[in-house]
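*Asks:* Residue numbers (this note's numbering), protein chains in the order written: chain P, 1 to 215; chain A, 1001 to 1475. Here it is: the structure, laid out below.
Following this line, the structure appears as structure tokens:
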């Protein structure tokens, strides 16, 4: 009997996985220029598309993209859900209220520091140690850094992360010349991939986001 | 192809030259090629025949093993049936024979009382001898005598009449008394009849049991003699049992699936949701373990009740210990049923909470949406289901034991059947390979028919020297 127990113990230990199956998501919300008008819609997408997909143990952070986004103050809210579903539901409800408050705030920045927000988001993601890390960018992806602001990404800045560009608003120039829009997206893709991103994908429909965050 | 042309500019001439060369080569190589074909045919047919023979022998030995197993199973079954009937007979006889002296004494008592009553019925006061006749004679004397005589005669007549009346009265009283005694005997007769009826029933039951034992013994004899009829009957019975237990197990697995789904979600409230075992969330594994524990507790309970016998060691335990294990198993089942019941209620709450959250996040006010789950019926239904399912799952031990017991026969039968089919196919392939190779040899000869005909003409129509095979001979 002892022998059987001794054999069973390592077997059970082998089976129990150390892999972290939790998911961490960072939503970057652009509040600069014309994209600031999209904020209520973006908050609605986060509430209906991302928040319900979060499972107990998952983490969600919302970061604002403005003039200088690499600031702790740009973190609009963040949470790691409790392992108990009942508590997790309560946390989600509280976070939704927080997001509603963020949506009602009238703010519009002159510049767009996308990379700063992404660097901040990547740091939060790395801290969670989640098995699957995703950055969802709600922006027109037109970066416009203020003078004196430098953003240099580390080679492994987005190592193992998935970056989803959601609700990318097309600028007037993009309508006139779609190639410019496509070139901008391609440039971002190249930049993310070269800094370790696992995947870069442009998501047009909110339903697609649901599928991508399924785990 | 073109690289083979001798004269690339003249393909027709090149092809003709190649054909002529091939004819010459094939004609020259005819004998060794025929030998090669013959060897190939032998090898292929031999290999297939070996496979067929092996399959057949293994199939026969498997069928023999199956037959032995079925016989052993049948023998054990018949022995247990006979033992059970003997046990019943023993119990019945010890009970009935224990009652027999009492019944016998009761019957003796009743018969003695009946005899006494009968005798009492027969006893009555004797009438004085001749007195009645004398009185009658005097009374019949003529009345034309003197007054004194007449008066005397009248007196005698009246006294005779009164005497007769009195005698009739006494007779009636005696008859009534006898009737009363006889009436008192009726319950005793009934009691006697009932006792005789009881004895008759016991005897009929004993005769019935004897007939059953006879039938079992006949079957047992047939099994002992290893009669084909008995083996077939037992094999068919095993198959029936296997199919029935498979169906019941299928239903039980369905129940286990429902049970699992009922507790998997609320289990995440009890165990950490983040960690996983083998890629599965711990809550799911925990729910699975609970279901399996219910099955295990059920198996032990059934074992202790003597319904199944998975573990022979447990049969040897004293009755007190068996009772303890039974109590622990049933207690465990009750606890698990209660846990499941509470988890089912928790599940409903979680589902409600999740629905409310989704509605809230989507901006739908709960009051605006009709709430069909407002009644307590789903909660009560889930709770009852959560309580009942473990007990139903506990019953799975019975079909499981039958499935395991009869599974061996099914496996061996299937194996023997498959091997027999493979053997037959291999035999067919052996024959097919032999004739295929012979056909190829004939095709070879057809290809070089022109040089062969020339040779025949040159040799005067005789058999070619060194021909590898005779006409019509097998390769």
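All C-beta atoms, glycine included, are put in the ideal place defined by N, C-alpha and C. Just so we're clear, the structure is a prediction, and the values are computed from it rather than from any experiment.
Tell me residue 79(P)'s beta-bridge partners as DSSP assigns them.
*Replies:* Paired residue(s): 60(P).
*Asks:* Output needed for residue 1011(A): all residues of its chain with C-beta closer than 7 angstroms, excluding positions within five of it in sequence on either side, in chain order.
*Replies:* Closer than 7 angstroms at the Cβ level, and outside the excluded window around residue 1011(A), lie 1005.
*Asks:* Where residue 1407(A) and residue 1248(A) are concerned, what is the direct C-alpha to C-alpha distance, given to the nearest angstrom?
*Replies:* Cα to Cα, the separation comes out at about 14 angstroms.
*Asks:* Could you tell me the alpha carbon to alpha carbon distance between residue 1369(A) and residue 1353(A), rounded to whole angstroms?
*Replies:* Confidence at residue 1369(A) is low in this model, with a pLDDT of 47, below 50, so its placement is unreliable and the value that follows should be read with caution. Computed Cα separation, rounded: 15 angstroms.
*Asks:* Assuming contact is defined by CB atoms lying nearer than 8 angstroms, are residue 159(P) and residue 22(P) in contact in what I supplied?
*Replies:* It is not a contact, given that the beta carbons lie outside the stated cut-off.
*Asks:* Thinking C-beta only, is residue 56(P) closer than 8 angstroms to residue 84(P)?
*Replies:* Yes, Cβ-Cβ distance for residue 84(P) and residue 56(P) is below 8 angstroms.
*Asks:* Do residue 61(P) and residue 26(P) have their CB atoms nearer than 8 angstroms?
*Replies:* In contact: residue 61(P) and residue 26(P) (Cβ atoms closer than 8 angstroms).
*Asks:* Are residue 208(P) and residue 200(P) close, meaning C-beta to C-beta below 8 angstroms?
*Replies:* No; because the gap between Cβ atoms is not below 8 angstroms, this pair is not in contact.
*Asks:* Does residue 27(P) come out as helix, strand or coil in the three-state DSSP assignment?
*Replies:* Of the three classes helix, strand and coil, the one that applies to residue 27(P) here is strand, per DSSP.
*Asks:* With three or more beta-carbon pairs closer than 8 angstroms as the criterion, would you say the region 36-46 of chain P touches the region 95-103 of chain P?
*Replies:* As far as the Cβ criterion goes, the region 36-46 of chain P touches the region 95-103 of chain P, which means the pair count is three or higher.
*Asks:* Using only the alpha-carbon positions, how far apart do residue 13(P) and residue 1266(A) sit?
*Replies:* Confidence is the limiting factor: at residue 13(P) the pLDDT is only 49, short of 50, which leaves the residue's position unreliable, though a coordinate-based value still follows. Each residue's Cα considered, the two are about 25 angstroms apart.
*Asks:* Quick one: is the Cβ of residue 176(P) within less than 7 angstroms of any heavy atom of the ligand ATP?
*Replies:* Absence of the ligand ATP is noted for the structure shown, with no ligands found whatsoever.
*Asks:* Less than 8 angstroms between the C-beta atoms of residue 1448(A) and residue 1030(A), yes or no?
*Replies:* Closer than 8 angstroms, so yes.
*Asks:* Here's a check: name, in chain order, each residue in its chain whose Cβ is nearer than 6 angstroms to the Cβ of residue 1429(A), leaving out the five neighbours to either side.
*Replies:* Closer than 6 angstroms at Cβ, skipping near neighbours: 1048.
*Asks:* Under 7 angstroms, CB to CB, which of the residues in the region 65-95 of chain P have a partner in chain A?
*Replies:* The residues in question are 83, 84, 85, 86, 89, 92, 93.
*Asks:* Does the distance from the CB of residue 1460(A) to the CB of residue 1059(A) come in under 8 angstroms?
*Replies:* No, they are not a contact pair.
*Asks:* Determine the burial state of residue 1041(A): buried for a count of at least 16 other Cβ atoms within 10 Å of its Cβ, exposed for fewer.
*Replies:* Buried is the call here.
*Asks:* Does DSSP put residue 1329(A) in a helix, in a strand, or in coil?
*Replies:* Helix.
*Asks:* What does residue 21(P) reach in chain A if we use C-beta pairs closer than 9 angstroms?
*Replies:* Those are 1274, 1275, 1276, 1279, 1281, listed as they occur along chain A.
*Asks:* Can you tell me whether residue 1291(A) is buried or exposed? The criterion is at least 16 other CB atoms within 10 Å of its CB, across all chains shown.
*Replies:* With 16 or more Cβ atoms within 10 Å of its Cβ, residue 1291(A) is classed as buried.
*Asks:* Residues of chain A with CB under 7 angstroms from residue 47(P), in chain order?
*Replies:* Within 7 angstroms Cβ-Cβ: 1361.
*Asks:* Assuming residue 63(P) and residue 117(P) form a contact by the criterion Cβ under 8 angstroms, report the distance between their Cβ atoms to the nearest whole angstrom.
*Replies:* With 8 angstroms as the limit, residue 63(P) and residue 117(P) qualify as a contact, their Cβ atoms being about 5 angstroms apart.
*Asks:* Answer with yes or no whether the minimum CB distance from residue 209(P) to chain A is below 8 angstroms.
*Replies:* No - not a single Cβ of chain A is within 8 angstroms of the one on residue 209(P).
*Asks:* Please report the straight-line C-alpha distance between residue 1110(A) and residue 1089(A), rounded to a whole angstrom.
*Replies:* Going from the Cα of residue 1110(A) to the Cα of residue 1089(A) covers about 30 angstroms.
*Asks:* Interface residues of chain P around residue 1350(A) at Cβ under 7 angstroms?
*Replies:* Near residue 1350(A) (Cβ distances below 7 angstroms), the residues of chain P are 85, 86.
*Asks:* Out of 40(P), 38(P), 143(P), 78(P), which one is the CA nearest neighbour of residue 69(P)?
*Replies:* Here the closest residue by C-alpha is 143(P).
*Asks:* Tell me the DSSP secondary structure of residue 132(P) in three-state form.
*Replies:* Residue state, collapsed to three classes: strand.
*Asks:* When the Cα atoms are used, what is the spatial distance from residue 1239(A) to residue 1190(A)?
*Replies:* Looking at the two C-alpha atoms, the distance is approximately 54 angstroms.
*Asks:* I'd like to know if residue 40(P) contacts chain A, where contact means its C-beta is closer than 8 angstroms to some C-beta of that chain.
*Replies:* Not one chain A Cβ lies under 8 angstroms of residue 40(P).
*Asks:* Helix or strand or just coil, what does DSSP make of residue 144(P)?
*Replies:* The answer is strand: DSSP assigns residue 144(P) an E or B state.
*Asks:* Please say whether residue 1234(A) and residue 1380(A) have beta carbons closer to each other than 8 angstroms?
*Replies:* Not closer than 8 angstroms, so no.
*Asks:* Using a 10 Å radius around the Cβ and a threshold of 16 neighbouring Cβ atoms, would you call residue 1175(A) buried or exposed?
*Replies:* Classification for residue 1175(A): exposed.
*Asks:* Identify, in the order they occur along the chain, each residue of the same chain with its Cβ nearer than 6 angstroms to the Cβ of residue 1465(A), setting aside the five sequence neighbours on each side.
*Replies:* Confidence at residue 1465(A) is low in this model, with a pLDDT of 45, below 50, so the placement of that residue should be treated as unreliable; the coordinate-derived value is given next. Result list for residue 1465(A): empty, nothing under 6 angstroms.
*Asks:* With distance defined between alpha-carbon atoms, name the residue in 189(P), 212(P), 93(P) nearest to residue 1360(A).
*Replies:* Checked all of 189(P), 212(P), 93(P); the closest Cα to residue 1360(A) is 93(P).
*Asks:* For the region 50-63 of chain P, which residues have a CB atom closer than 8 angstroms to at least one CB atom of chain A, in sequence order?
*Replies:* Result list: 51, 52, 55, 56, 57.
*Asks:* Among 67(P), 58(P), 106(P), which one has its Cα closest to the Cα of residue 40(P)?
*Replies:* Ranking 67(P), 58(P), 106(P) by Cα distance to residue 40(P) puts 106(P) first.
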